[in-house]
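Asker: This structure is in structure tokens; I'll ask about it shortly.
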Amino acid sequence: MTTETKTTKGGLTRRKLLKTASAAVGLAAGSGAITGFPTIWAQNPITLRQFGTGVSNINAIAEKCKEDLGITLEMTATDSDAAAQRAVTQPNSYDIADIEYWILKKVYPTGVIQPMETAKLKYYDKVVPLFKTGKLLPDSVIAQGTAPHTVGYVESKDAKTFAAGETELFTMMPTIYNADTLGIRPDLVGREITTWADIMDPAFKGKTSILNIPSIGIMDAAMIMEAMGNITYADKGNMTKEEIDKTIDFLIKAKQDGQFRAFWKSFDESVNLMASGEVVIQSMWSPAVAAVRSKGIACKYQPLKEGYRSWGGGLGLASHLSGAQLDAAYEYINWYTSGWVGGYLNRQGYYSAAMDTAKEFMTADEWGYWIEGKPAAGDILSPEGKVMEKAGAVRDGGSFEERMGKVACWNSVMDEDRYMVRRWNEFIAA
Amino acid sequence: MVEVRLLGVGEPKQKRELRLPGWLTSYLQATPLALVLGAFLLLPILMIVTVSFWDYDFAQMYPDFVTFNYTETLGSWVTWKTYLNTLKYAFLVWAITLFIGFWVAYFLAFHIRTAAMQSVLFLICTVPFLTSNIIRMISWIPVLGRNGLVNSALVGSGVVSQPIEWLLYSDFAVALAMVHLYTLFMVTPIFNTMMRIDRSLVEAARDAGASGWQILTNVIIPLSKPGMAIGTIFVVTLVMADFSTVQVMSGGQSASVALMMKNQMSLLQYPAAAANAVVLLIIVLLMVSAILRVVDIRKEL
Chain A
1 MTTETKTTKG GLTRRKLLKT ASAAVGLAAG SGAITGFPTI WAQNPITLRQ FGTGVSNINA
61 IAEKCKEDLG ITLEMTATDS DAAAQRAVTQ PNSYDIADIE YWILKKVYPT GVIQPMETAK
121 LKYYDKVVPL FKTGKLLPDS VIAQGTAPHT VGYVESKDAK TFAAGETELF TMMPTIYNAD
181 TLGIRPDLVG REITTWADIM DPAFKGKTSI LNIPSIGIMD AAMIMEAMGN ITYADKGNMT
241 KEEIDKTIDF LIKAKQDGQF RAFWKSFDES VNLMASGEVV IQSMWSPAVA AVRSKGIACK
301 YQPLKEGYRS WGGGLGLASH LSGAQLDAAY EYINWYTSGW VGGYLNRQGY YSAAMDTAKE
361 FMTADEWGYW IEGKPAAGDI LSPEGKVMEK AGAVRDGGSF EERMGKVACW NSVMDEDRYM
421 VRRWNEFIAA
Chain G
1 MVEVRLLGVG EPKQKRELRL PGWLTSYLQA TPLALVLGAF LLLPILMIVT VSFWDYDFAQ
61 MYPDFVTFNY TETLGSWVTW KTYLNTLKYA FLVWAITLFI GFWVAYFLAF HIRTAAMQSV
121 LFLICTVPFL TSNIIRMISW IPVLGRNGLV NSALVGSGVV SQPIEWLLYS DFAVALAMVH
181 LYTLFMVTPI FNTMMRIDRS LVEAARDAGA SGWQILTNVI IPLSKPGMAI GTIFVVTLVM
241 ADFSTVQVMS GGQSASVALM MKNQMSLLQY PAAAANAVVL LIIVLLMVSA ILRVVDIRKE
301 L
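So the protein sequences, as listed, match chains A and G.
Under full-length UniProt numbering, the residue at position 74 of the first sequence is numbered 74, and the numbers go up by one with no gaps.
Under full-length UniProt numbering, the residue at position 27 of the second sequence is numbered 27, and the numbers go up by one with no gaps.
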């Protein structure tokens with residue numbers, strides 16, 4: 001690795017530059033290079049410790065990162081509550097925080113994440129406007145909840161509150177996001193499903209399920225409540241105590257009437273409930289739908305007229321990063337958004353924040369199927385090479401713009417969080 | 001005791017011998033166990049008790065002395081309902097495992113003639129324990145499900161027209177899985193005590209004109225009580241502390257005390273969970289001491 005670094009001065013293609021060892025990282029990152037350069041030599045090879053909920057689970061990314069950048073990624077995956085805790089209580093145990101935006105809202109004010117300069121982010125311009133203004137298209141409506149752009153910027157390096165609009169300081173580089181909705185068994189529901197309220201249809205009594213993760217389950221419940229016309233929330237992502245009470249009371253009643261078959265907590269539970277036919281309509285995550293379908297069982301990620309419940313995550317820099325480590329972190333993030341990872345995530349059914357760069361790493365057919373909502377020309381393969389969809393299939397919900405353009409609310413953290421969790425536990429015990 | 005003493009060798013050595021006072025010896029002998037128990041049982045419990053008085057938010061615990069973890073726990077109807085629910089499971093499972101366990105042990109102890117066969121059959125009882133707890137529990141799901149083995153068989157043979165819904169994700173499923181998981185904990189101690197019953201007592205009873213039923217109620221049951229008590233302690237404590245069976249088999253529809261704690265811990269509300277643990281510990285200890293009141297295990301062993 002060290003021999004390679006000596007040859008990396010100037011006049012390189014981007015690709016070749018990416019392949020060089022981390023010593024070149026400081027240069028590539030641009031402005032920080034002058035002070036960073038000598039330290040990089042001392043710290044070679046660079047290791048970045050990344051922890052979090054999302055892409056920390058994907059080993060292929062760590063391998064590719066090592067191959068392209070020479071940076072060793074040590075990844076730790078946790079669930080979201082543990083991630084929030086770790087981010088705050090052990091700020092020196094990680095370099096990169098891979099967390100969701102609602103966790104960032106809790107964590108950033110404690111000062112453990114440093115903002116990044118947009119000038120150093122090579123692909124900042126390519127980030128979809130959803131993360132900058134909250135609007136995917138100029139005429140989109142800004143969704144409720146912890147929308148990423150509301151926690152995306154700060155005014156100054158030591159600000160503890162978020163900026164109202166776009167600034168030069170980005171709190172987190174968005175990486176992965178998606179729009180969640182209800183999954184259905186089209187062969188068993190026996191009718192069109194068009195709204196979140198359909199999950200409460202007496203016809204599906206004892207054949208429905210919602211997820212038992214309070215912070216997300218309450219949002220699904222809110223979508224259902226509003227769709228049924230029971231209540232209109234000022235902000236689904238930040239309910240008042242009365243709104244929480246009303247929602248939970250409704251859930252308890254539905255539970256006692258036997259509307260639900262089960263409540264699931266983990267991915268595999270949701271897959272099994274659906275695959276075995278125990279439930280025909282339930283809260284679901286997109287990879288779970290794919291898993292049911294890969295068993296040869298019909299399952300649809302049904303778009304609903306009220307819109308999607310969305311979530312998004314990104315990479316944040318730990319406060320303790322400086323010098324060579326910081327430069328390496330920037331380089332890692334720039335590599336991350338340069339396309340390969342984006343293509344990988346898109347092919348998993350998630351979305352990449354820098355769509356244009358991801359496009360270069362996808363075939364025209366893949367791009368057409370996953371992003372444009374076109375029928376697949378050939379078989380669609382997962383990143384691991386497994387057939388996910390046969391030729392002719394169309395993605396549920398259609399194109400990227402159709403899906404992400406119809407976000408009704410984002411996963412969020414409420415001011416009355418503790419009260420909500422207590423009431424949610426009552427619902428489960430009732 | 002026979003003492004062999006070599007002249008001129010034994011005497012000076014005895015003088016150098018370190019003489020410990022009697023009380024110290026007993027303390028020293030008890031030290032290793034006391035240390036192990038202290039470090040791995042007492043200390044953790046003390047820590048749990050301490051933490052249960054701390055304050056917390058989403059990320060951290062703050063050393064403090066607050067009692068709201070207890071007032072919140074004890075003041076909420078959820079807690080009471082959950083405890084009641086858990087006690088219901090404990091009672092159901094205890095009664096069923098005791099019944100099954102007693103008869104299995106009785107059969108093994110009194111109806112199998114050879115010791116070899118007894119061992120073989122007893123080992124067969126333990127075979128399911130060679131697989132993991134979770135596997136044994138989850139295997140019930142495809143059996144009991146709406147489209148599971150039982151329902152397919154019932155619907156297929158025309159016994160019922162609609163699949164029976166309450167087989168899975170119900171109290172029935174929870175109790176069934178727990179009985180399946182815990183019956184052996186009842187069989188083993190009962191079998192053990194039954195094997196110690198002097199067979200001549202049974203003969204004497206028969207000679208004295210007792211019927212089979214009288215032998216059972218007047219000789220065997222009273223003498224197997226310690227085994228039943230030990231089995232009861234096993235089963236009751238296991239059920240009271242169970243969370244995975246309840247969650248999986250009820251499909252998240254029912255709550256148990258341990259599940260409530262697990263929920264709190266997954267939300268990092270450790271002090272609240274600790275308070276809950278202390279309450280549960282007290283209740284289980286009370287139950288165990290009540291059992292020991294009824295049967296004096298030590299006397300019978």
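Note that CB positions come from ideal geometry on N, CA and C, so glycine has one too.
Assuming V187 of chain G contacts V104 of chain G under a Cβ cut-off of 8 Å, what Cβ separation, rounded to an integer in Å, is found between them?
Answerer: Here the question's residue 187 of chain G lines up with position 187 in the second sequence. Here the question's residue 104 of chain G lines up with position 104 in the second sequence. About 5 Å separates the two Cβ atoms, so the contact holds.
Asker: Distance check for T247 of chain A and D417 of chain A, CA to CA, integer angstroms please.
Answerer: Here residue 417 of chain A is taken as the residue at index 417 of the first sequence, counted from 1. Here residue 247 of chain A is taken as the residue at index 247 of the first sequence, counted from 1. Roughly 14 Å separates the two Cα atoms.
Asker: Within its chain, find whatever has a CB closer than 7 Å to the CB of D198 of chain A; leave out the 5 residues flanking it on each side and keep chain order.
Answerer: Here residue 198 of chain A corresponds to residue number 198 of the first sequence, with the count starting at 1. For D198 of chain A, where only same-chain residues beyond five positions count, the Cβ hits under 7 Å are I281.
Asker: Can you give me the Cβ contacts of V143 of chain G inside the same chain, cut-off strictly under 7 Å, excluding the 5 residues immediately before and after it?
Answerer: Translated into the one-based positions of the second sequence, residue 143 of chain G becomes position 143. Excluding positions up to five away in sequence, the list reads L149 and V150.
Asker: F170 of chain A and M116 of chain A: beta carbons closer than 7 Å?
Answerer: For the purposes of this step, residue 170 of chain A is taken as residue 170 along the first sequence, with counting starting at 1. For the purposes of this step, residue 116 of chain A is taken as residue 116 along the first sequence, with counting starting at 1. Result yes, Cβ atoms of F170 of chain A and M116 of chain A sit closer than 7 Å.
Asker: Quick check on this structure: which residue in G:G101, G:L181, G:P21 and G:L108 has the alpha carbon closest to the alpha carbon of W140 of chain G?
Answerer: Within the second sequence, residue 140 of chain G is the residue found at index 140, counting from 1. The option with the nearest alpha carbon to W140 of chain G is G:L181.
Asker: Taking 7 Å as the threshold (beta carbon to beta carbon), is A21 of chain A in contact with chain G?
Answerer: Indexing the first sequence from 1 puts residue 21 of chain A at position 21. Unreliable positioning characterises A21 of chain A in this predicted model, as indicated by a pLDDT of 42, which lies under 50. A coordinate reading is not provided.
Asker: Going by CA-CA distance only, name the one from A:G52, A:I99, A:M404 and A:S80 that's closest to P214 of chain A.
Answerer: The residue you call residue 214 of chain A lines up with position 214 of the first sequence. For the residues A:G52, A:I99, A:M404 and A:S80, the minimum Cα distance to P214 of chain A belongs to A:S80.
Asker: Who are the neighbours of D201 of chain A on chain G, taking C-beta pairs under 7 Å?
Answerer: Counting from one through the first sequence, the residue named residue 201 of chain A turns up at place 201. Going along chain G, no residue has its Cβ under 7 Å from D201 of chain A, so there is no contact; the nearest lies around 17 Å.
Asker: Between the C-alpha atoms of L84 of chain G and T67 of chain G, what's the straight-line distance to the nearest angstrom?
Answerer: The count along the second sequence starts at 1 and reaches residue 84 of chain G at position 84. The count along the second sequence starts at 1 and reaches residue 67 of chain G at position 67. Roughly 23 Å separates the two Cα atoms.
Asker: Rounded to whole angstroms, what's the CA-CA distance from S256 of chain G to V236 of chain G? Just pull it up for me.
Answerer: Along the second sequence, one-based indexing puts residue 256 of chain G at 256. Along the second sequence, one-based indexing puts residue 236 of chain G at 236. So the two alpha carbons sit approximately 13 Å from each other.
Asker: Taking only beta-carbon positions, decide if E165 of chain G is within less than 7 Å of chain A.
Answerer: Start at 1 with the first residue of the second sequence, and residue 165 of chain G comes out as number 165. Yes, contact with chain A.
Asker: In the DSSP assignment, what are the bridge partners of residue 444 of chain A?
Answerer: Lying outside 1 to 430, the shown extent of chain A, residue 444 of chain A is not represented and no answer is given.
Asker: List the whole-angstrom C-beta distance separating A275 of chain G from Y70 of chain G, where the pair is believed to meet the contact cut-off of C-beta under 8 Å.
Answerer: As a first step, residue 275 of chain G must be located in the second sequence, where it is residue number 275. As a first step, residue 70 of chain G must be located in the second sequence, where it is residue number 70. So it is a contact: roughly 5 Å between Cβ atoms.
Asker: What are the boundary residues of the alpha helix (DSSP H) that includes I210 of chain A?
Answerer: Locating residue 210 of chain A in the first sequence gives position 210, where the first residue counts as 1. First-last for I210 of chain A: T208 to L211, but that is the beta strand (DSSP E), not the alpha helix (DSSP H).
Asker: Strictly below 8 Å CB to CB, what residues from chain B border I46 of chain A?
Answerer: Given the protein chain composition of this structure (A and G), no chain B is represented.
Asker: List the DSSP bridge partners of E74 of chain A.
Answerer: The residue labelled residue 74 of chain A in the question sits at position 74 within the first sequence. Answer is A:R49.
Asker: For Q85 of chain A, return the contacting residues in chain G, with the cut-off set at a CB-CB distance below 9 Å.
Answerer: Within the first sequence, the letter at position 85 stands for residue 85 of chain A. Ordered by position in chain G, the residues that pass the 9 Å Cβ test against Q85 of chain A are F58, A59, Q60 and L268.
Asker: Select from the region 73-101 of chain G all residues with a C-beta closer than 9 Å to any C-beta belonging to chain A, and list them in chain order.
Answerer: Against chain A - using a Cβ distance shorter than 9 Å - the residues of the region 73-101 of chain G are S76, W77, V78, T79, K81, T82 and N85.
Asker: Run through chain G and tell me which residues come within less than 7 Å of W264 of chain A, C-beta to C-beta.
Answerer: As a first step, residue 264 of chain A is located in the first sequence; it is residue number 264 there, counting from the start. G252, listed in chain order.
Asker: Consult DSSP for P63 of chain G and reduce its assignment to one of helix, strand or coil.
Answerer: As a working note, residue 63 of chain G is residue 63 in the second sequence. Coil.
Asker: Whose C-beta lies closer than 6 Å to the C-beta of I193 of chain A among residues of the same chain, with five residues either side of it excluded?
Answerer: In the first sequence, counting from the first residue as 1, residue 193 of chain A sits at position 193. Answer for I193 of chain A: I184 and Q302, listed in chain order.
Asker: Can the beta-carbon of W410 of chain A be found less than 7 Å from the beta-carbon of T146 of chain A?
Answerer: Sequence index remark: in the first sequence, residue 410 of chain A carries index 410 (1-based). Sequence index remark: in the first sequence, residue 146 of chain A carries index 146 (1-based). In this structure, T146 of chain A lies closer than 7 Å to W410 of chain A by Cβ.
Asker: Please classify P138 of chain A as buried or exposed, where buried requires at least 16 other C-beta atoms within 10 Å of its C-beta.
Answerer: The count along the first sequence starts at 1 and reaches residue 138 of chain A at position 138. Exposed.
Asker: Anything in chain A within Cβ reach of Y169 of chain G, meaning under 8 Å, just list it in chain order.
Answerer: On the second sequence, position 169 is the one that residue 169 of chain G refers to. The answer, in chain order, is R261, A262 and E278.
Asker: In this structure, how does DSSP classify L317 of chain A when only helix, strand and coil are distinguished?
Answerer: Reading the first sequence from its first residue, position 317 is the one you call residue 317 of chain A. If DSSP states are grouped into helix, strand and coil, L317 of chain A belongs with the strands.
Asker: By the three-class DSSP mapping on this structure, what secondary structure does K154 of chain A have?
Answerer: Here residue 154 of chain A refers to the residue found at position 154 when the first sequence is read from its first residue. Looking at the sequence itself, residue 154 of chain A is Val, so the reference to Lys does not match. If DSSP states are grouped into helix, strand and coil, V154 of chain A belongs with the strands.
Asker: Rounded to whole angstroms, how far is the Cβ of G352 of chain A from the Cβ of Y123 of chain A, which I believe are closer than 8 Å?
Answerer: The residue labelled residue 352 of chain A in the question sits at position 352 within the first sequence. The residue labelled residue 123 of chain A in the question sits at position 123 within the first sequence. Going by the sequence as given, residue 352 of chain A is Ser instead of Gly. Wrong, their Cβ atoms sit about 10 Å apart, outside the cutoff.
Asker: Closest to V189 of chain A by CA distance: which of A:G206, A:A179 and A:M173 is it?
Answerer: Taking the first residue of the first sequence as position 1, residue 189 of chain A is located at position 189. Residue A:G206 is the option with its Cα nearest to V189 of chain A.
Asker: Roughly how many whole angstroms lie between the Cα atoms of Y89 of chain G and G209 of chain G?
Answerer: Translated into the one-based positions of the second sequence, residue 89 of chain G becomes position 89. Translated into the one-based positions of the second sequence, residue 209 of chain G becomes position 209. Going from the Cα of Y89 of chain G to the Cα of G209 of chain G covers about 41 Å.
Asker: Determine the direct distance from the alpha carbon of W285 of chain A to that of A273 of chain G, and round the result to whole angstroms.
Answerer: The residue labelled residue 273 of chain G in the question sits at position 273 within the second sequence. The residue labelled residue 285 of chain A in the question sits at position 285 within the first sequence. So the two alpha carbons sit approximately 29 Å from each other.
Asker: Name the DSSP bridge partner or partners of I96 of chain A?
Answerer: Counting from 1 along the first sequence, the entry for residue 96 of chain A is found at position 96. In DSSP, I96 of chain A forms a bridge with A:Q50 and A:L317.
Asker: My parser needs the alpha helix (DSSP H) runs of 4 or more residues fully inside the region 197-270 of chain A; what are they?
Answerer: Here the runs fully enclosed are 214-227 and 241-256.
Asker: Between the region 240-260 of chain G and the region 27-44 of chain G, can you find at least three pairs of beta-carbon atoms closer than 8 Å?
Answerer: Segments in contact, no.
Asker: Spatial neighbours of L184 of chain G within its chain, please: C-beta separation below 7 Å, excluding the five flanking residues on both sides.
Answerer: One-based indexing of the second sequence puts residue 184 of chain G at position 184. Around L184 of chain G: C125, T126 and F129.
Asker: Between A:I216, A:M173, A:G165 and A:V154, which has its C-alpha nearest L182 of chain A's C-alpha?
Answerer: As a first step, residue 182 of chain A is located in the first sequence; it is residue number 182 there, counting from the start. Minimum Cα distance to L182 of chain A is reached at A:I216.
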